[in-house]
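Colleague: Sharing a structure below in structure tokens format, with a few things to ask.
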Amino acid sequence: MRLTFWGTRGSIGVPGPDTVVYGGNTTCLGIETCDETIILDAGTGIRGLGVELARSMPVTCSIFISHTHWDHIQGLPFFVPLFVPGNTIKICGTFDPVNNKDLREVLAAQMDYNYFPVRSAELAADISYLTLREGQTVDCGSAQVTPVIMNHPVISFGYKVSCGGKSVFFTGDHEDYANIYEPGDPFYEEYETIILQKRAQIAGSIRGVDVLVSDCQYTEEEYPSKAGWGHSTPSMAVALAQAAGVKRLFLTHHEPTRPDAAMALFHAQIVERFKETGIEIDMAREGLSVEI
Amino acid sequence: MPDQDKNTNAERLLPLVEKIPAFSQSVSRVLSLASDINCSPKVLVEVVSGDPVLTMKILRLVNSAYFGLPNKITSVHQALVNLGLNTLKHTALSLAMLGVLPRKNDAGLDIDALWLHSLAVGLAARRLAQAKGVPKAESEDYFVAGLLHDVGKLVYASYEPARFARALETAALDQVDLTVPERAELGATHAEVGALLAERWGLAEPLRLALAGHHAPSDETPAMLTDVVFVANQVVKRKNLGFSGNPALTPMPAGVRERLTLTAEAVGAALEELPLELQNARVILQL
Ligand SMILES: [Zn+2]
Ligand SMILES: [Zn+2]
């Protein structure tokens, strides 16, 4: 399978001269399997992927949404294959127990006339929606995709994509768990145990994959003021790769305020800092395509 | 109605309202945490764990097919780690509010249908609030106001079943607004009783006003919460989601129309998916 980064930026798109290397579009990953395209998240990066796919229609593809925060869905109305009859597109994602809105409704809302001149009812492709529960494996041609609930302020899925003996795990937006108690508090140990169980569950779902793509929005220095916002640091991403025994790690969901020069420096520091781990650590760059 | 009458009614109704159990401390704390954007997870866990019934209901819900989790959740801590603060907070709020009131009565009121109606109004009010640009955390207040707007009916159904049954019957037979026979039979409307109960429970003033004004939003002390609950209630009735015991529809007062500035199309669009959402949410009524 082939993994391509179409959008690598977190929170908001930042196109411009300072982001030409690492990319300015928001999250979108494309995975070509032998018989289908699997798309992870529909940030602005999905527009370019749609143009590419539209060259050889009819298109059969599946889009998996990690969660419906803006930077993971905002490109969907500009995904050309949606508007062409004959294309078959499956859109899958989380349930939302807080707002009780299902995926179709949330996505349709952003195509509301207020924001966008085409109504979701006018999408001409054959589109189906599937609300997933954790652990529910979806078959996409010869590939399988399985969601895992990660740690973000809303319910957010990470996805494992497997095909022909190769596999990738994408964390979506994810922050490591933190104990809500101070050491010494009577509940500290109990809470720590639950965190260890949840970490082990996630690592177990990732174990064996060839490539891990992880959220890594913040530097260790930035993190303390952003704790609880639902994003990782290099040490969190590396710890996850280690726990899951993954040898190849791509870091993504880049902080929008980090220009290319700072990104390159950040990358170099990470490589140096974690060289003992034996993990090959790369920054996701828009347009980068990797054969797995 | 002159103020004099209002006071007399309030005096007459107070003993009735006092029969309703006080809001448990955990419920009022969950209520105040729900719209607190800085709500600390530790405090939420403390409040929920301190209420065994609420804890049990939350665990039942998160272990239901609705959440469909592959692993069984056995503690509030575990629910927090697995589902996150926002989900736990909202779940606790919904279940706490629903746990407050009686589920049976002798007035022939279909309580399940009333709860479904109330839940629908809560969900609708929250949707309308979001359509008006109210921040997410604050929109929980709209959900609560909608959920509780008819709480006065539960007071009547539980403690004045014979008279309330007559009022319900008259409303059904004559197709008049329930508040008319309520006033004749019981001396006050369920909206007024609801407001008294809100006071006794120490609910926030906007919430009390919304309960008091949900049939006739005041033009003198206009409030968005009241206006939105009014509209949500009417739309839910028109869509026949649940049944409130009140067959009459009230046209939108000019004041509400002017203040809300939501067109009929905008209301329709905001509530288009309401039946589906209600279908998903009704699981919480069964716990
Ligand atoms: Zn994001
Ligand atoms: Zn997010």
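If you read the protein sequences in the order shown, they are chains A and B. With the first letter of the first sequence counted as 1, position 279 gets the number 279 in my numbering; the numbers rise by one all the way through. Position in the second sequence (first residue = 1) + 292 = my numbering. Note that CB positions come from ideal geometry on N, CA and C, so glycine has one too. In this text, all values refer to a predicted model and were calculated from it rather than measured experimentally.
Kindly list, in the order they appear in chain B, the residues whose Cβ is closer than 7 angstroms to that of residue 133 of chain A.
Modeller: In the first sequence, residue 133 of chain A corresponds to position 133, counting from 1. Within 7 angstroms Cβ-Cβ: 360.
Colleague: Mind listing, in chain order, the residues whose beta carbon lies closer than 6 angstroms to a non-hydrogen atom of ligand 2?
Modeller: Checking every Cβ against the heavy atoms of ligand 2 under 6 angstroms gives A:67, A:69, A:152, A:173, A:230.
Colleague: What residue from B:431, B:415, B:525, B:491 has the CA that sits closest to residue 442 of chain B's CA?
Modeller: Within the second sequence, numbered from 1, the residue matching residue 442 of chain B stands at position 150. Among B:431, B:415, B:525, B:491, the Cα nearest to that of residue 442 of chain B belongs to B:525.
Colleague: Counting only Cβ-Cβ distances shorter than 9 angstroms, please list the residues of the segment 490-508 of chain B near chain A, keeping chain order.
Modeller: Listed by position along the chain: nothing, the set is empty.
Colleague: Should residue 232 of chain A be listed as close to ligand 1, given that the test is whether its C-beta is under 7 angstroms from any heavy atom?
Modeller: For the purposes of this step, residue 232 of chain A is taken as residue 232 along the first sequence, with counting starting at 1. Every heavy atom of ligand 1 is 7 angstroms or more from the Cβ of residue 232 of chain A, so no.
Colleague: Checking the sheet assignment: what are the DSSP bridge partners for residue 90 of chain A?
Modeller: Mapped onto the first sequence, residue 90 of chain A falls at position 90. According to DSSP, residue 90 of chain A bridges with A:62, A:128.
Colleague: Hey, could you find the ends of the beta strand (DSSP E) residue 6 of chain A is sitting in?
Modeller: Within the first sequence, numbered from 1, the residue matching residue 6 of chain A stands at position 6. Counting along the chain, the beta strand (DSSP E) containing residue 6 of chain A begins and ends at 2-7.
Colleague: If distances are taken between C-alpha atoms only, which option among A:74, A:176, A:69, A:205 comes closest to residue 294 of chain A?
Modeller: Residue 294 of chain A cannot be examined here, being either before or after the span of chain A that is shown, 1 to 292.
Colleague: For a cutoff of 8 angstroms on Cβ pairs, would you count residue 373 of chain B as touching chain A?
Modeller: On the second sequence, residue 373 of chain B is found 81 positions in, with the first residue counted as 1. Closer than 8 angstroms: yes.
Colleague: What would DSSP say about residue 31 of chain A, mapped onto helix, strand or coil?
Modeller: For the purposes of this step, residue 31 of chain A is identified with residue 31 of the first sequence, where counting begins at 1. Here residue 31 of chain A sits in strand by DSSP.
Colleague: What I want to know is whether the C-beta of residue 404 of chain B ends up closer than 7 angstroms to one or more non-hydrogen atoms of ligand 1.
Modeller: In the second sequence, counting from the first residue as 1, residue 404 of chain B sits at position 112. Checking the Cβ of residue 404 of chain B against ligand 1 gives no.
Colleague: Which residues in chain A sit within 7 angstroms of residue 573 of chain B, going by Cβ to Cβ distance?
Modeller: The count along the second sequence starts at 1 and reaches residue 573 of chain B at position 281. Going along chain A in sequence order, the residues near residue 573 of chain B (Cβ under 7 angstroms) are 100.
Colleague: Ligand 1 heavy atoms versus the CB of residue 27 of chain A: any closer than 7 angstroms?
Modeller: For the purposes of this step, residue 27 of chain A is taken as residue 27 along the first sequence, with counting starting at 1. Residue 27 of chain A Cβ: within cutoff of ligand 1.
Colleague: Among the candidates B:477, B:363, B:501, whose CA atom is the shortest distance from the CA of residue 194 of chain A?
Modeller: In the first sequence, the residue the question calls residue 194 of chain A occupies position 194. Selected option, being the one with the closest Cα: B:363.
Colleague: Determine which residues of the segment 189-200 of chain A have a Cβ less than 7 angstroms from any Cβ of chain B, and write them out in chain order.
Modeller: Those would be 190, 191, 194, 195, 198, in chain order.
Colleague: Would you check whether ligand 1 has a heavy atom nearer than 7 angstroms to the C-beta of residue 72 of chain A?
Modeller: To locate residue 72 of chain A, count along the first sequence from 1; it is residue 72. Yes; taking the cut-off as 7 angstroms, the Cβ of residue 72 of chain A has a heavy atom of ligand 1 nearer than that.
Colleague: Strictly below 7 angstroms CB to CB, what residues from chain B border residue 127 of chain A?
Modeller: On the first sequence, position 127 is the one that residue 127 of chain A refers to. In chain order: nothing, as chain B lies at least about 17 angstroms away.
Colleague: With the cut-off set at 8 angstroms, would you say residue 12 of chain A and residue 26 of chain A are in Cβ contact?
Modeller: As a first step, residue 12 of chain A is located in the first sequence; it is residue number 12 there, counting from the start. As a first step, residue 26 of chain A is located in the first sequence; it is residue number 26 there, counting from the start. Contact flag set, yes.
Colleague: Could you tell me which uninterrupted alpha helix (DSSP H) segments, each at least 4 residues in length, are contained entirely in the segment 332-366 of chain B, listed from first to last along the chain?
Modeller: The qualifying runs are 333-341, 344-354.
Colleague: Residue 285 of chain A to residue 221 of chain A, Cα distance in whole Å?
Modeller: As a working mapping, residue 285 of chain A is identified with position 285 in the first sequence. As a working mapping, residue 221 of chain A is identified with position 221 in the first sequence. Each residue's alpha carbon lies about 23 angstroms from the other.
Colleague: Of all the CB atoms in chain A, is at least one closer than 8 angstroms to the CB of residue 363 of chain B?
Modeller: Within the second sequence, numbered from 1, the residue matching residue 363 of chain B stands at position 71. Yes, because at least one Cβ of chain A sits closer than 8 angstroms to the Cβ of residue 363 of chain B.
Colleague: Starting from residue 413 of chain B, trace the alpha helix (DSSP H) both ways and give me its first and last residue.
Modeller: Within the second sequence, the letter at position 121 stands for residue 413 of chain B. First-last of the alpha helix (DSSP H) with residue 413 of chain B: 403-423.
Colleague: For residue 323 of chain B, count neighbouring C-beta atoms within 10 Å of its own C-beta (all shown protein chains included) and say buried if the count is 16 or more, exposed if not.
Modeller: Locating residue 323 of chain B in the second sequence gives position 31, where the first residue counts as 1. It is buried - the Cβ of residue 323 of chain B has at least 16 other Cβ atoms within 10 Å.
Colleague: What does residue 370 of chain B reach in chain A if we use C-beta pairs closer than 7 angstroms?
Modeller: Here the question's residue 370 of chain B lines up with position 78 in the second sequence. In chain order: 194.
Colleague: Kindly give me the distance between the Cβ atoms of residue 247 of chain A and residue 280 of chain A, rounded to whole angstroms, as I take these residues to be in contact under 8 angstroms.
Modeller: The sequence position of residue 247 of chain A within the first sequence is 247, counting from 1. The sequence position of residue 280 of chain A within the first sequence is 280, counting from 1. Confirmed, about 6 angstroms.
Colleague: Using a threshold of 7 angstroms, is the CB atom of residue 204 of chain A nearer than that to any non-hydrogen atom of ligand 1?
Modeller: Residue mapping note: residue 204 of chain A aligns to position 204 of the first sequence, counting from 1. No, since every heavy atom of ligand 1 falls outside the 7 angstroms radius drawn around the Cβ of residue 204 of chain A.
Colleague: Going by beta-carbon coordinates alone, are residue 472 of chain B and residue 444 of chain B separated by less than 8 angstroms?
Modeller: Taking the first residue of the second sequence as position 1, residue 472 of chain B is located at position 180. Taking the first residue of the second sequence as position 1, residue 444 of chain B is located at position 152. Going by C-beta atoms, residue 472 of chain B is not nearer than 8 angstroms to residue 444 of chain B.
Colleague: Report the option in A:171, A:252, A:227 whose CA atom is closest to the CA atom of residue 244 of chain A.
Modeller: In the first sequence, residue 244 of chain A corresponds to position 244, counting from 1. Among A:171, A:252, A:227, the Cα nearest to that of residue 244 of chain A is on A:171.
Colleague: Who are the Cβ neighbours of residue 354 of chain B in its own chain at under 6 angstroms, not counting the five residues just before and after it?
Modeller: Position 62 of the second sequence, counting from 1, holds the residue named residue 354 of chain B. Cβ neighbours of residue 354 of chain B beyond the five flanking positions: 365, 371.
Colleague: Contact defined as beta carbons within less than 8 angstroms: I believe residue 376 of chain B pairs with residue 410 of chain B. What is the distance between those atoms, to the nearest angstrom?
Modeller: Counting from 1 along the second sequence, the entry for residue 376 of chain B is found at position 84. Counting from 1 along the second sequence, the entry for residue 410 of chain B is found at position 118. Contact flag wrong, Cβ pair sits at about 27 angstroms.
Colleague: Find out if the Cβ-Cβ distance for the pair residue 164 of chain A, residue 34 of chain A is shorter than 8 angstroms.
Modeller: If you number the first sequence from 1, residue 164 of chain A lands on position 164. If you number the first sequence from 1, residue 34 of chain A lands on position 34. For residue 164 of chain A and residue 34 of chain A, yes; Cβs fall inside 8 angstroms.
Colleague: What residues from chain A crowd round residue 382 of chain B, counting only those whose CB sits closer than 9 angstroms?
Modeller: Translated into the one-based positions of the second sequence, residue 382 of chain B becomes position 90. Those are 97, 98, 99, listed as they occur along chain A.
Colleague: Mind pulling the chain A residues with CB within less than 8 angstroms of residue 568 of chain B?
Modeller: Here residue 568 of chain B is taken as the residue at index 276 of the second sequence, counted from 1. Those are 102, 105, listed as they occur along chain A.
Colleague: To the nearest angstrom, how far is it from the Cα of residue 401 of chain B to the Cα of residue 498 of chain B?
Modeller: The residue given as residue 401 of chain B occupies position 109 in the second sequence. The residue given as residue 498 of chain B occupies position 206 in the second sequence. Rounded to whole angstroms, residue 401 of chain B to residue 498 of chain B spans 28 angstroms at the Cα level.
Colleague: I'd like the list of long-range same chain contacts for residue 203 of chain A, defined as Cβ closer than 6 angstroms, with 5 residues on each side in sequence excluded.
Modeller: Translated into positions along the first sequence, residue 203 of chain A becomes position 203. Counting only Cβ-Cβ distances below 6 angstroms, and skipping sequence neighbours, we find 243, 244.
Colleague: Does the beta carbon of residue 478 of chain B come closer than 8 angstroms to any beta carbon on chain A?
Modeller: Position 186 of the second sequence, counted from the first residue, corresponds to residue 478 of chain B. Not closer than 8 angstroms to any Cβ of chain A, the Cβ of residue 478 of chain B fails to qualify, so no.
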